[in-house]
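Protein chains in written order, with UniProt numbering: chain A, 1 to 136; chain D, 1 to 136; chain Z, 1 to 136; chain Y, 1 to 136. The structure appears right after this line, and notes come after that.
Protein chains: 4
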Amino acid sequence: MTAVTLDVAKELIATAEQKAEEIDVPMCITVMDEGANLVAFHRMDDALLASVDIAQNKAYSAVSLKLDTDTVWELSQPGESLYGIGDTNDGRIVTFGGGIPLEENGRVVGAVGVSGGSVEEDVTVASAAVEMFESL
Amino acid sequence: MTAVTLDVAKELIATAEQKAEEIDVPMCITVMDEGANLVAFHRMDDALLASVDIAQNKAYSAVSLKLDTDTVWELSQPGESLYGIGDTNDGRIVTFGGGIPLEENGRVVGAVGVSGGSVEEDVTVASAAVEMFESL
Amino acid sequence: MTAVTLDVAKELIATAEQKAEEIDVPMCITVMDEGANLVAFHRMDDALLASVDIAQNKAYSAVSLKLDTDTVWELSQPGESLYGIGDTNDGRIVTFGGGIPLEENGRVVGAVGVSGGSVEEDVTVASAAVEMFESL
Amino acid sequence: MTAVTLDVAKELIATAEQKAEEIDVPMCITVMDEGANLVAFHRMDDALLASVDIAQNKAYSAVSLKLDTDTVWELSQPGESLYGIGDTNDGRIVTFGGGIPLEENGRVVGAVGVSGGSVEEDVTVASAAVEMFESL
Numbered sequence: 001m002t003a004v005t006l007d008v009a010k011e012l013i014a015t016a017e018q019k020a021e022e023i024d025v026p027m028c029i030t031v032m033d034e035g036a037n038l039v040a041f042h043r044m045d046d047a048l049l050a051s052v053d054i055a056q057n058k059a060y061s062a063v064s065l066k067l068d069t070d071t072v073w074e075l076s077q078p079g080e081s082l083y084g085i086g087d088t089n090d091g092r093i094v095t096f097g098g099g100i101p102l103e104e105n106g107r108v109v110g111a112v113g114v115s116g117g118s119v120e121e122d123v124t125v126a127s128a129a130v131e132m133f134e135s136l
Numbered sequence: 001m002t003a004v005t006l007d008v009a010k011e012l013i014a015t016a017e018q019k020a021e022e023i024d025v026p027m028c029i030t031v032m033d034e035g036a037n038l039v040a041f042h043r044m045d046d047a048l049l050a051s052v053d054i055a056q057n058k059a060y061s062a063v064s065l066k067l068d069t070d071t072v073w074e075l076s077q078p079g080e081s082l083y084g085i086g087d088t089n090d091g092r093i094v095t096f097g098g099g100i101p102l103e104e105n106g107r108v109v110g111a112v113g114v115s116g117g118s119v120e121e122d123v124t125v126a127s128a129a130v131e132m133f134e135s136l
Numbered sequence: 001m002t003a004v005t006l007d008v009a010k011e012l013i014a015t016a017e018q019k020a021e022e023i024d025v026p027m028c029i030t031v032m033d034e035g036a037n038l039v040a041f042h043r044m045d046d047a048l049l050a051s052v053d054i055a056q057n058k059a060y061s062a063v064s065l066k067l068d069t070d071t072v073w074e075l076s077q078p079g080e081s082l083y084g085i086g087d088t089n090d091g092r093i094v095t096f097g098g099g100i101p102l103e104e105n106g107r108v109v110g111a112v113g114v115s116g117g118s119v120e121e122d123v124t125v126a127s128a129a130v131e132m133f134e135s136l
Numbered sequence: 001m002t003a004v005t006l007d008v009a010k011e012l013i014a015t016a017e018q019k020a021e022e023i024d025v026p027m028c029i030t031v032m033d034e035g036a037n038l039v040a041f042h043r044m045d046d047a048l049l050a051s052v053d054i055a056q057n058k059a060y061s062a063v064s065l066k067l068d069t070d071t072v073w074e075l076s077q078p079g080e081s082l083y084g085i086g087d088t089n090d091g092r093i094v095t096f097g098g099g100i101p102l103e104e105n106g107r108v109v110g111a112v113g114v115s116g117g118s119v120e121e122d123v124t125v126a127s128a129a130v131e132m133f134e135s136l
């Protein structure tokens with residue numbers, strides 16, 4: 001198994017930072033491990049301060065629900081099955097995109113959480129890190 | 001840069017209070033600096049007690065998201081991209097109007113948060129302070 | 001009764017700020033009313049960020065316990081009667097000096113809370129505001 | 001002023017990690033900026049999970065009190081002036097060593113927080129980062 005060590009987290013964050021620079025949006029980037037514990041966090045200069053919390057909670061949501069947070073967005077809409085899930089877990093569940101699980105052989109071993117731009121931009125940056133993880 | 005010092009905050013709050021008196025609605029008024037730290041807060045006599053928290057959190061939301069909270073209202077509706085953002089950040093994100101960033105040369109250097117009346121009244125009072133800031 | 005209105009709070013804070021400037025220590029200064037609700041808060045430039053919370057909670061402690069927080073310090077020591085009180089009230093009870101009730105005819109009608117220097121300096125500045133209140 | 005940018009934070013953390021490897025104790029290492037906002041956090045493999053929170057709160061304590069947390073330990077003992085300060089600020093004040101302010105020309109511009117070993121080990125690692133900052 002590729003455990004989400006600090007070395008792996010540094011590579012994932014470096015990849016995310018490079019993508020964030022490419023699209024010119026400063027981001028907060030988080031990596032959590034299989035136990036939903038923080039491995040590393042970087043706030044790029046001038047990134048939104050609200051994103052310090054949101055990026056971490058996107059990673060928490062993705063690893064603890066084994067879902068990307070785009071899917072949580074769909075499932076948490078009024079009338080959908082997980083409506084209200086954002087109120088649980090002391091407010092740590094984020095219900096919009098930017099948190100993606102890290103998977104190996106179908107097993108969730110960690111997650112990446114990105115916040116700082118539009119949801120689309122956050123997903124772009126988080127996806128770059130996830131793709132890099134899959135190539136390890 | 002016009003840093004959001006206590007002297008600046010006092011002027012902003014005085015302007016907001018004057019506007020609140022004009023429209024005859026007692027308000028809670030908050031000013032935060034670039035680091036999302038409280039600089040000053042005034043509760044006018046008979047203002048809503050819930051507004052003590054809401055005014056501060058509107059200012060926090062505006063500076064930490066670099067958005068006015070009217071825009072957060074739009075983006076956080078069911079089906080919109082940031083649906084559920086009010087659950088993040090320990091409940092400090094306010095999803096309706098009355099928090100406005102203070103900007104200088106396109107850079108967010110602080111925020112004003114006002115609560116106590118209708119959202120429209122809150123925005124009117126907050127806007128008066130922001131206009132005053134822009135004239136400094 | 002001299003209610004702790006915003007006008008009164010402004011006078012108390014102005015007095016405290018003047019004293020803080022005299023002793024050359026930037027302070028956070030809070031005034032609460034009889035209902036333990038925040039009336040006004042000012043953070044002087046360069047005051048400690050931890051004091052944003054502590055100053056408010058000193059005022060809360062003083063009005064909600066009807067005690068100055070110097071007395072709370074004494075009563076909360078190991079072996080003393082209120083040992084552990086700092087753990088109650090969601091951590092809002094401060095167990096060292098700088099919070100002083102505002103009294104009128106023996107009735108607590110509000111409080112001042114000051115933080116930013118040594119406890120002795122905080123007490124000096126809070127006391128200046130309280131003396132001013134007593135002269136109203 | 002040497003602002004505590006992400007690049008500076010990465011250098012500080014790299015220095016701290018090297019020292020932690022030298023003494024063979026896995027650490028959690030945090031860097032905060034002048035506004036007490038998180039810039040970067042790394043958890044070395046096998047570091048204590050409790051240290052995720054403690055390292056961040058040591059940095060918060062150091063920057064928000066403008067004190068190293070060794071000094072907070074002294075001042076917060078029973079009978080000392082700040083007894084009970086660990087209960088304030090939502091429990092974010094850490095009352096033992098491992099948090100050290102980053103200063104420039106006598107001004108606190110951020111802080112480092114380290115947790116994972118004995119307090120002496122934490123201070124050793126945090127001090128390595130601070131010395132490196134002073135050489136920038």
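A virtual CB, placed ideally from N, CA and C, is assigned to each residue, including glycine.
Residue i classed as buried or exposed, judged by whether at least 16 other C-beta atoms fall within 10 angstroms
i	result
E121/Z	buried
P78/D	exposed
K19/Z	buried
R135/D	Arg is not the amino acid found at residue 135/D; the sequence shown has Ser there. Exposed, since its Cβ has fewer than 16 Cβ neighbours within 10 Å.
T88/A	exposed
N57/Y	buried
A111/A	buried
G86/Y	buried
R107/D	exposed
T2/D	exposed
V68/Z	The identity of residue 68/Z in the sequence shown is Asp, whereas the question assumes Val. Classification of D68/Z: buried, given that the 10 Å Cβ count is 16 or more.
S115/Z	buried
N37/D	buried
D7/D	exposed
I23/A	exposed
S118/Y	exposed
E17/Y	buried
G84/Z	exposed
D53/Z	buried
G91/Y	exposed
E34/Y	buried
Opening and closing residue of the alpha helix (DSSP H) in which residue i lies
i	result
A55/Z	A50 to L65
M132/D	V119 to E134
E80/A	Where E80/A is concerned, there is no enclosing alpha helix (DSSP H), given that its DSSP letter is neither H nor E.
A47/A	Careful: A47/A lies outside any alpha helix (DSSP H) and carries neither H nor E.
I23/A	Per DSSP, I23/A belongs to no alpha helix (DSSP H) and is neither H nor E.
Enclosing beta strand (DSSP E) for residue i [first to last residue]
i	result
E34/Z	Run containing E34/Z: none; DSSP gives neither H nor E here.
Which residues DSSP lists as bridging residue i, in chain order
i	result
L102/Y	G110/Y
A40/Z	H42/D and V31/Z
Cβ-heavy atom distance, residue i to the ligand NAP, below 7 Å
i	result
A14/Z	Only the bare structure without any ligand can be found here, which leaves the ligand NAP out of the picture.
| request: Check distances from the C-beta atoms of the segment 66–79 of chain A to those of chain D and list, in chain order, the residues that come in under 7 Å. | output: W73, S76, Q77 and P78
| said: For the segment 36–47 of chain Y, list every residue whose C-beta sits within 7 Å of some C-beta in chain A, in sequence order. | reply: N37, L38, V39, A40, F41, H42, R43, M44 and D45
| Three-pair Cβ contact test at 8 Å for the segment 20–28 of chain A versus the segment 58–70 of chain D | no
| query | Do three or more CB pairs link the segment 65–73 of chain Z to the segment 46–56 of chain Z at distances below 8 Å? | reply | no
| said: At a CB distance below 8 Å, what residues from the segment 3–36 of chain D approach chain Y? Give them in sequence order. | reply: D33, E34, G35 and A36
| query | Along the segment 47–63 of chain Y, what residues have a CB closer than 7 Å to any CB found in chain A? | reply | L49 and V52
| query | Using a Cβ cut-off of 7 Å, which residues of the segment 102–116 of chain D contact any Cβ in chain A, in chain order? | reply | none
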